[in-house]
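Peer 1: Using the numbering used here, read the sequence shown as starting at 17 and increasing by one per residue.
Where is the CB? At the ideal position from N, CA and C, for every residue including glycine.
Structure provided below as structure tokens; questions to follow.
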Amino acid sequence: MPRLGVNVDHVATVRQARGTTEPDPVTAAALAELAGAGGITVHLREDRRHIQDRDLEVLRRTVQTRLNLEMAATEEMVGIALRVRPDCVTLVPEKRQELTTEGGLDVIGQAAALTATVERLRAAGIFVSLFVDPDLAQIGAAQKTGTDAIEIHTGLYCDAKTPQKQASELVKIEQAVRIGRQLELAVHAGHGLNYHNVRAVVALGGIEEFNIGHSIVSRAVLVGMERAVREMVTLIEGG
Ligand code: PXP
Numbered sequence: 017m018p019r020l021g022v023n024v025d026h027v028a029t030v031r032q033a034r035g036t037t038e039p040d041p042v043t044a045a046a047l048a049e050l051a052g053a054g055g056i057t058v059h060l061r062e063d064r065r066h067i068q069d070r071d072l073e074v075l076r077r078t079v080q081t082r083l084n085l086e087m088a089a090t091e092e093m094v095g096i097a098l099r100v101r102p103d104c105v106t107l108v109p110e111k112r113q114e115l116t117t118e119g120g121l122d123v124i125g126q127a128a129a130l131t132a133t134v135e136r137l138r139a140a141g142i143f144v145s146l147f148v149d150p151d152l153a154q155i156g157a158a159q160k161t162g163t164d165a166i167e168i169h170t171g172l173y174c175d176a177k178t179p180q181k182q183a184s185e186l187v188k189i190e191q192a193v194r195i196g197r198q199l200e201l202a203v204h205a206g207h208g209l210n211y212h213n214v215r216a217v218v219a220l221g222g223i224e225e226f227n228i229g230h231s232i233v234s235r236a237v238l239v240g241m242e243r244a245v246r247e248m249v250t251l252i253e254g255g
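In structure tokens, the structure reads:
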């Protein structure tokens, strides 16, 4: 059965908007696990725009399932990963100006550096995944780095504006899953998945882990709104 890794970055985004202590992504992670999440994912960015070092450290002590750290393959982040020891590191490209991760790694162009990073992380007992586009050449290069897994970027499928484009992007994901498994890699998938588009990807089979964040946090805000307002109305009117 595939597992759901819940990405709690955007709980931290709301907290950072005010610079206070709530909502705490650590509490959100615990609730996600109670609801059946098979893992918790966070992206510690160079600019610390959402997840903070403290979040990662507390999550390492509290996550009961699997802690997956998404990070750029920089010296700073590798040092943090080797100290905190998440269960899994997913290496992603990172640009300062981007709103979110915009695509997969250029594994072919950065083969030597990525191979060295994969080796250092794996030597510390950390399971390593490389975030790649559904591109067969990049997946072949990923396997040569010695990585344990690939995470297939589903963003183009999710952003497709027409059913035809969506169908053709889904075919690319299907081929990527097949090649990844033939190369004996664990296959994960993520980015842009939501309550409408996830089932077709699940139906492909062969994907062990889905990492989903924005749509879950967005829905949590809406399904939780009524209760949150009722509780405040009770305090005000009931007082
Ligand atoms: N997987 C990777 C590698 C990501 O960078 C992200 C975004 O942080 C996700 C999954 C989750 O994407 P989304 O928030 O769109 O569900």
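Would the beta-carbon of residue 228 be found less than 7 Å away from any heavy atom of the ligand PXP?
Peer 2: Yes, since a heavy atom of the ligand PXP falls inside the 7 Å radius drawn around the Cβ of residue 228.
Peer 1: Work out the CA separation of residue 200 and residue 129 for me, nearest whole Å.
Peer 2: Straight-line Cα distance between these residues: approximately 22 Å.
Peer 1: Using a Cβ distance threshold of 8 Å, determine whether the segment 179-197 contacts the segment 213-228, with at least three qualifying pairs required.
Peer 2: Enough Cβ pairs lie closer than 8 Å, so yes.
Peer 1: Relative to the alpha-carbon of residue 84, which residue among 38, 144, 92, 114 has its alpha-carbon at the smallest distance?
Peer 2: With distances taken between Cα atoms, residue 84 lies closest to 144.
Peer 1: Report yes if the C-beta distance between residue 148 and residue 171 is below 8 Å; otherwise report no.
Peer 2: No, these two residues do not count as a Cβ contact at 8 Å.
Peer 1: Is the beta carbon of residue 146 sitting closer than 8 Å to the one on residue 191?
Peer 2: No, the Cβ-Cβ distance between residue 146 and residue 191 is not below 8 Å.
Peer 1: Comparing the CB of residue 213 with every heavy atom of the ligand PXP, is any distance shorter than 7 Å?
Peer 2: No.
Peer 1: The ligand PXP and residue 231: does any heavy atom of the ligand fall closer than 7 Å to the residue's C-beta?
Peer 2: Yes, the beta carbon of residue 231 sits closer than 7 Å to at least one heavy atom of the ligand PXP.
Peer 1: The ligand PXP and residue 209: does any heavy atom of the ligand fall closer than 7 Å to the residue's C-beta?
Peer 2: Answer for residue 209: yes, Cβ within range of the ligand PXP.
Peer 1: Are the beta-carbon atoms of residue 165 and residue 207 separated by less than 8 Å?
Peer 2: Taking 8 Å as the Cβ cut-off, residue 165 and residue 207 do not qualify as a contacting pair.
Peer 1: State buried or exposed for residue 212, treating a residue as buried only when at least 16 other CB atoms are found within 10 Å of its CB.
Peer 2: Result: exposed.
Peer 1: Examine the ligand PXP and report whether any of its heavy atoms sits within less than 7 Å of the Cβ of residue 108.
Peer 2: The answer is yes for residue 108.
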